[in-house]
Amino acid sequence: MPELPEVETTRAGIAPHLVGQRVVEVKVYQRQLRQPVTPGLATALKGGVINAVERRGKYLLLKSGQGCVIIHLGMSGSLRLVKRDQPLEKHDHVAFLLASGKSLRFRDPRRFGLVLWTRKPPQQHPLITKLGVEPLEANFDGDYLYAAAQKRTVAIKQLIMNGQVVVGVGNIYASEALFRAGVHPARAAKRISRVRYERLVVAIKSVLAEAIKQGGTTLRDFYNGAGEPGYFKQHLKVYGRSGLACVECGAAIRQIVLGQRSTWYCGRCQR
DNA sequence: CAGTCGCCCTGCGTGC
DNA sequence: TGCACGCAGGGCGACT
């Protein structure tokens, strides 16, 4: 489900309802996620005030004076704000009850997501320390990606989806960015020129920024914190379009598998 | 070290 | 209507 634009949309949607709010209670209905929900979370956070809601890659960070909740939405996770007495939905695993009378619900059918608690600064957490650069920040540029690609034979699509290189680029936006840049997704990373990396970085930044503006991509079940879908789906040019005509040249969009993930591209526009 | 693969889990669409 | 199968927006750890 969520790549960087969807996580950022979620963050922006829930932040105004959380910042300054006291957490009255934390309820954990299912602790078995990708990792178990941190056992001390409910006790540690209860009574604390959320000072900030930040994002690092695809991780959401709810910061309080006592520590930080680290949330990852995995493939199917979502967060939404509801009235506290609203009935639980199936797969609601954690609820953060707020003094305002609202409840932040973490729902995740496939349970690939995470809800963790750390007292240390979150950037010191093992899952966060190893993360690569933020794609929308200035230090992600053509030189950086070109340098990261040297000596690497892996397909370029897998390189830009590698969170230790650059965070937040998932399966949808990787295909879309490569199409915009005219780069074939299976091309070995080290076989791409510096100039083409400049173009690719611009493409990644633009596709992510535009998707954020549209509130993300709703394929099936992504909704922002208020329950509204994202509208970037109608701007997708290759993702999920096997056999359909390329919007640029009319050739049929092809589908292959790279790193066990479906990949779409135009064999004529992308080299 | 880089790269490949299996796997965690549930739900949905398709084809028989 | 039911069932089997493949596939899904992610990422880790074991292995070569």
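Position one of the first sequence corresponds to residue 163 (the numbering used here), numbered consecutively onward. Note that beta-carbon positions come from the ideal geometry of N, C-alpha and C, so glycine has one too. Please read all numbers here as calculations on a predicted model, not as lab measurements.
Residue environment: A261 is assigned as exposed (fewer than 16 neighbouring CB atoms within 10 Å of its CB, all protein chains considered). Shown here for R430: same chain residues with a beta carbon closer than 8 Å to its own, the five before and five after excluded, namely C408, C411 and A413 in chain order.
DSSP places P283 outside both helix and strand once states are collapsed to three, so it counts as coil. Residue pairing by DSSP places Y427 opposite R416 in a beta bridge. Nearest to H397 by alpha-carbon distance, out of T379, R272 and P347, is T379.
The beta carbon of T171 sits closer than 7 Å to those of I374, G377, G378, N386 and G392, all from its chain and outside the five residues before and after it, given in chain order.
Residues V186, E187, R246 and S265 of the same chain have their beta carbon placed closer than 6 Å to that of L259, with the five preceding and five following residues left out of the count. Comparing alpha-carbon positions, the option among L307, V400, G210 and V190 lying closest to G182 turns out to be G210.
With a contact defined as Cβ atoms closer than 8 Å, Y427 and E338 miss out at about 10 Å. Under the rule that a run must span 4 or more residues, the alpha helix (DSSP H) segments found entirely inside the stretch 181–251 read 203–207. Between A350 and L420, the C-beta gap is not smaller than 8 Å, which leaves the two residues out of contact.
Rounded to whole angstroms, the gap between the alpha carbons of Q320 and L340 is 11 Å.
Inter-segment contact for the stretch 265–276 and the stretch 193–204 is present: three or more beta-carbon pairs are separated by less than 8 Å. For G175, the closest alpha carbon among the candidates P201, M323, K399 and S240 is that of S240. Sequence-distant partners of R403 (beyond 5 residues in either direction) whose C-beta falls short of 8 Å from its own C-beta, in its chain, are I415 and W426. Going by DSSP, F268 is part of no alpha helix (DSSP H) but of the beta strand (DSSP E) stretching over K264 to R269.
Boundaries of the beta strand (DSSP E) around D254: D254 to L260. Taking 8 Å as the cut-off, the beta carbon of R353 is found no closer than this to the beta carbon of V345. With contacts defined as CB atoms closer than 8 Å, L370 and G325 fail to qualify as a contacting pair. For V328, the three-state secondary structure derived from DSSP is strand.
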